[in-house]
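full-length UniProt numbering puts the first residue of the sequence shown at 1, with every later residue one more than the last.
Ideal Cβ positions, reconstructed from N, Cα and C, are used throughout, including at glycine.
These notes are about the structure you will find just below.
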Amino acid sequence: NRLDCQTREENSFVLEHSVDLFVKINLPMWSKLELLNINPLELLDQGTEETFATLSNILSTHDNPLADENVLPAFISRLGKLKVRETQAILKYAVQNLSSEEYEKCVVNVLEKNTFLLGAMDCEDYIKAPSSFVIKRMLQGETTTGDARIERAFEQISDTGAMDRVQFIQYAKNSTGLDISFICDDLLRMNNDLSKKKPRYFANCKEHRMKMRIGKALLDLSDRWKWSDNLWEAALCPSDQPNISFMYEYLVSKMLPSIDPLLEHLKLLATLKPSQQISLVSVVHIYCLTRWESINHEQLAEVFDVLLPLTMGANFQTRLLAQLVLHRLCSECEVHSIQMPIADVLKKSIEVTLSEKLTEFQCEARLLLPQLGKQCPTSVSDCILMMTNAPFDENICFFSCSYDFRMKLKRALETLKRKQSVLIPELTSSLAALNGNVQRKMNPVGDIYPESDFVVSSKARDEHELIVVASLIDKLPNLGGLARTCEVLGVNTLILGLKSQAEKSDFTNLSMTAEKTLNILEVNPESLAGFLLEKQMEGYKIVGAEQTAHSTNFVDFKFPKKSILLLGHEKHGIPANLIGFLDYAVEIPQYGLVRSLNVHVAGSLFIWEYCKQHLTKN
């Protein structure tokens, strides 16, 4: 009442600032609180932020543990993003007065409140975070889905989770107290465990995001890491998404102690799967161009000898990459005046073979990897994520490079998007199919009736052909059942993710020797897009067994003569990046409560319907 305040707000204002003034004048050190028998928590509640700042400052000079264990948590709870001075003061006290275990707990609690501090001040003297916590925060972050993700992407909201991860990576990079080799080895182990636990995964799923975060952290910390043989396992994983493969290809080429381990792996090139061959050729490309001066004439000749057979291999992607890499190496020989007769001939041959397509193929993202170290040495991971169309909430895209190189990155991104975003054509019913002849497997009937229609059937194979693609299916019993159905109904070609699956007992128990007469080919999931595109150019129509917004009813659908039946994963169906390749999405009508049919059953229905429309007419 003696303050003569007119309103309650005025009274509250005067009282709060009186506490601020009292603390500033009468409490030069923390011990004075004990002498005056004043509870610091009451002062925090009664004063303003100025009181909190003053008490934090005098706490930093206090050299004895606090009597009240509730005081420090109360101070930490008041920290905010911009309270750098107060945070610094609290951590100064913690360093001087807490045990190692208590100090680490305090640091964790502070950083849980605010990671902005890691980049806002020279924190090495005050923040010594445990390695386990740093690893956790390097990988932490929510995955937005559904409407929330669409809204954030549309508004281009910067992702705080991605910023936090960058802050912790930068902290680890600059910290002298952390064992970076241990952190990197642990991150690499986590990646390889993920690959074993879930070898196949869809783009931007939880596993893919975790792998992106691990790969980015390893690339950013690689300057303080030593070579590990486990990097080969990561780089040669046969089913990784492109940006994950790019990261480990670059890491291996950067960290190899010499070219000798690379040459040893090149000797095993013929035993690798096509996707692994592509990764190994990419490592050769990056290593040779970034360490050209360290390679002698004999080593270069050995590289040429190993890569040359791949230029005539069966796999299109492997064949093309080998040609492009050899062309680049030949060009380097020409620039550095290295006399290799094979280089001159090979360069001209590749230019004649690829002709005007050579320039287009050279815009591929993988071929830009050797230039990243020179163009943006501190932001290699960001460049890789950017040019492979990583999600907006995984990539900050803060990197500097020349304008010309940024345009190259954008062209590579546009090329990738064109491949992944083939527009779905308007679904129209096809013309009535002509009568076809049954494609039948050879059996003893052929010996009894030598003049049967086997010859006619084989002649008609090009006109009426169904190829069943089961690369996305995981379970061997489903694959074995499909193989048996294909063989019985006259389908000649079955595509599997791994050809070796046809040798497993779970497969053969249901296939009943169908694999012995079927033409079984291998196309792994990450190569499916290129395979489907190639088949479309050959005149095939892609039919997907999937429930989509524009599905055609199975009852009314007429199969094209040359069809490829794409079957989805048992749980996830056909991924979004492959739905764009479908000429027709066909849905089997359902009248019960169960969500969907077993993929083997659904595939068998589709195969029989094709057989009924095309192969049983004669």
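1) Check residue 562 in the structure and name its three-state DSSP category.
2) In whole angstroms, what is the alpha-carbon distance linking residue 302 and residue 587?
3) Of the residues 285, 307, 390 and 414, which one's Cα is nearest the Cα of residue 372?
4) Less than 8 Å separating the beta-carbons of residue 642 and residue 389?
5) Count the other CB atoms within 10 Å of the CB of residue 13; is the residue buried (16 or more) or exposed (fewer)?
6) Who pairs with residue 553 in a beta bridge, going by DSSP?
7) Mark residue 277 as exposed unless 16 or more other C-beta atoms lie within 10 angstroms of its C-beta, in which case mark it buried.
8) Should residue 591 go down as buried or exposed, given a rule of 16 or more other Cβ atoms within 10 Å for buried?
9) Could you tell me which uninterrupted alpha helix (DSSP H) segments, each at least 4 residues in length, are contained entirely in the segment 292-332, listed from first to last along the chain?
10) By Cβ distance, which residues of its chain are closer than 6 Å to residue 603, with the 5 residues on each side in sequence left out?
11) Go to residue 496, then tell me how far its beta strand (DSSP E) extends in each direction, as first and last residue.
12) Helix, strand or coil: how does DSSP classify residue 522 here?
13) Since residue 635 sits in a beta bridge, which residues does DSSP pair it with?
14) Which residues in the same chain have their Cβ closer than 6 Å to the Cβ of residue 515, if we skip the five residues on either side of it in sequence?
15) Would you list the one or two residues that DSSP bridges to residue 542?
16) Work out the CA separation of residue 138 and residue 578 for me, nearest whole Å.
17) Between which two residues does the alpha helix (DSSP H) containing residue 396 stretch?
18) Counting Cβ pairs, one atom from each stretch, are 3 or more of them under 8 Å apart for the segment 333-351 and the segment 260-278?
19) Considering only the beta carbon of each residue, do residue 541 and residue 527 sit closer than 8 Å?
20) Starting from residue 102, trace the alpha helix (DSSP H) both ways and give me its first and last residue.
21) Give every residue of the same chain whose Cβ lies closer than 7 Å to the Cβ of residue 6, excluding the five residues on either side of it in the sequence, and list them in chain order.
22) Please look up how many angstroms separate the CB atoms of residue 585 and residue 551, rounded, as I've assumed it's under 8 Å.
23) Whole angstroms are fine: how far does the CA of residue 370 sit from the CA of residue 486?
24) Is it the case that the segment 199-206 contacts the segment 163-179, given that we only count it when at least three CB pairs across the two stretches are under 8 Å?
25) For the alpha helix (DSSP H) containing residue 358, name the first residue and the last one.
26) Give the straight-line distance between the Cα atoms of residue 34 and residue 176, rounded to the nearest whole angstrom.
27) Does the separation of the CB atoms of residue 269 and residue 306 fall below 8 Å?
28) I need the DSSP call for residue 467, collapsed to helix, strand or coil.
29) Less than 6 Å between C-beta atoms, sequence neighbours within five positions excluded: which residues of the same chain meet that for residue 129?
30) Among 229, 360 and 241, whose alpha-carbon lies nearest the alpha-carbon of residue 215?
31) Would you say residue 328 and residue 363 are within 8 Å of each other, going by their C-beta atoms?
32) Considering only residues of the same chain and omitting the five flanking positions on each side of residue 519, which have a CB-CB separation below 8 Å?
33) Considering only residues of the same chain and omitting the five flanking positions on each side of residue 113, which have a CB-CB separation below 7 Å?
34) Measuring alpha carbon to alpha carbon, tell me which residue in 231, 272, 384 and 244 is nearest residue 255.
35) So the candidates are 536, 613, 45 and 382; which of them puts its Cα closest to the Cα of residue 247?
36) With distances taken from CA atoms, which of 23, 94 and 288 is nearest residue 49?
According to the structure shown:
1) strand
2) 53 Å
3) 285
4) For residue 642 there is no data in the structure shown, the boundaries of the chain being 1 and 618.
5) exposed
6) 587
7) Result: buried.
8) exposed
9) 297-307
10) 482 and 567
11) 493-496
12) strand
13) This structure cannot settle anything about residue 635, because the visible part of the chain is limited to 1 through 618.
14) 483 and 502
15) 564
16) 31 Å
17) Residue 396 -> no alpha helix (DSSP H), and no H or E assigned at all.
18) no
19) In this structure, residue 527 does not lie closer than 8 Å to residue 541 by Cβ.
20) 100-113
21) none
22) Your pair residue 585 and residue 551 checks out as a contact, with CB atoms roughly 5 Å apart and the cut at 8 Å.
23) Distance between the alpha carbons of residue 486 and residue 370: 45 Å.
24) no
25) 357-361
26) 38 Å
27) yes
28) strand
29) 107
30) 241
31) no
32) If you ignore the 5 residues before and after residue 519, its C-beta comes within less than 8 Å of the C-beta of 492, 493 and 494, all in its own chain and listed in chain order.
33) 76 and 79
34) 231
35) Checking every option, the nearest Cα to that of residue 247 belongs to 382.
36) Checking every option, the nearest Cα to that of residue 49 belongs to 23.
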